[in-house]
Amino acid sequence: MRIIARLDIKNEFVIKGINLEGLRKIGDPIKIAQNYYNQGIDEIILIDSVASLYERNNLFNIIEKITESIFIPITLGGGIRSIKDIDRALKAGADKVAINSYATENPEFIRKAVNIFGSSTIMSYIEAKNISDGNWEIFKNYGREKTGYNLLDWIKKVQDLGCGEILLTSIDHEGTQSGFDLNLIESIYKDINVPLIISGGCGSIEHIKEIKIKYPESSVGLASILHYNKTDLKKLKDI
């Protein structure tokens, strides 16, 4: 299981909220990323939380600085709306890009990007919110807007389009530290054919152990448990 740090960024600060709302500053993304790297994190995902809203990504400079001294896979997400954006992200030092909002508006963009850069470079970032018993809807713009897409239908679609990985975040559990959304994961797990990163809700080592037992092929994306020093990475790596 890969242990992945997720850094959500707004105005050059790592931020954290609950259900993608009520955001508070955590600190400098470069220093935080370096700290997690020094402790042995497997990968880092950086998400610009307002990029899609303003149709731009401001993290290229941060990626350049981070990759000067960090040598693990780095994913950049938020505001990726063109082939030029992907090219710029990769030239800045990112290994992968995570695409959410623009893909829900133009799904064929995923296929185009995969054809140019390869599936291993293109991650589908999915924000899902429960709308009724057993049904989840895809949201965009950092959980601000509905898309009308059913979760399972969207997962099948992005895989058909060729994405090489999926980052799945439960909006309902995100930031709560109450545990991952097991109902959400169970509803889609059998339909996942690419590497899956589960994000949203982790608050303890036990939550990660539960995922490792039930969904051993998946990885976990962590924020609160790391940002608030709920545990240390060595313990997580020893699970």
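Going by the working numbering, the sequence shown runs without a break in its numbering and finishes at 1318. Where a beta carbon is used, it is the ideal one built from N, C-alpha and C, also for glycine.
For Ile1290, the enclosing alpha helix (DSSP H) covers residues Ile1284 to Lys1293.
Of all alpha-carbon atoms in Ile1088, Val1093, Ile1097 and Asp1174, the one lying nearest the alpha-carbon of Gln1256 is that of Ile1097.
When DSSP states are grouped into helix, strand and coil, Thr1183 belongs to the helix group. Only residues of its own chain outside the window of five on either side were considered, and among them Phe1259, Ile1277, Ser1297 and Val1299 have a CB closer than 7 Å to the CB of Ile1290, listed in chain order. Collapsing the DSSP output to three states places Thr1226 in a strand. Among the bridge pairs identified by DSSP, Met1202 is matched with Ala1177 and Glu1244. When DSSP states are grouped into helix, strand and coil, Lys1089 belongs to the strand group. Using a Cβ-Cβ distance cut-off of 8 Å, the stretch 1200 to 1217 and the stretch 1231 to 1248 are in contact, since at least three pairs of beta carbons, one from each stretch, lie closer than that value. In the assembly as shown, Gly1222 is a buried residue. Its beta-carbon has 16 or more other beta-carbons within 10 Å. Cβ neighbours of Val1093 within its own chain (closer than 8 Å, five residues either side excluded): Leu1086, Asp1087, Lys1104, Ile1105, Gly1106, Asp1107, Pro1108, Ile1111 and His1306. Looking only at Asp1232, Ser1211 and Lys1089, the smallest Cα-Cα distance to Pro1186 is reached by Asp1232.
Apart from the 5 residues on each side of it in sequence, Ile1264 sits with its Cβ closer than 7 Å to the Cβ of Ile1277 and Tyr1294 in its chain, given in chain order. In the DSSP assignment, Thr1154 forms a beta bridge with Ile1124 and Lys1175. Counting other Cβ atoms within 10 Å of its Cβ, Ile1162 stays below 16 and is therefore classed as exposed. In this model, Cys1242 and Gly1197 are separated by some 9 Å (Cα to Cα). The beta carbons of Ile1141 and Glu1184 sit about 25 Å from each other, so the pair does not count as a contact at 8 Å.
Annotation: the continuous beta strand (DSSP E) that includes Leu1275 extends over Leu1275 to Ser1278. Between Ile1178 and Ile1159, the gap from beta carbon to beta carbon is short of 7 Å.
Shortest Cα-Cα distance from Met1080 to any of Glu1224, Ile1304, Lys1288 and Asn1308 involves Lys1288.
The Cβ atoms of Ile1234 and Asp1212 do not sit closer than 7 Å to each other. The alpha-carbon separation between Ser1283 and Asp1164 amounts to approximately 36 Å.
In this structure Lys1095 is in contact with Ala1302, their Cβ atoms being roughly 6 Å apart against a cut-off of 8 Å.
Counting of Cβ neighbours within 10 angstroms places Ser1128 among the buried residues, the total reaching 16 or more. Between the alpha carbons of Val1237 and Asn1308 lies a distance of about 34 Å.
Your pair Gly1279 and His1252 checks out as a contact, with CB atoms roughly 5 Å apart and the cut at 8 Å.
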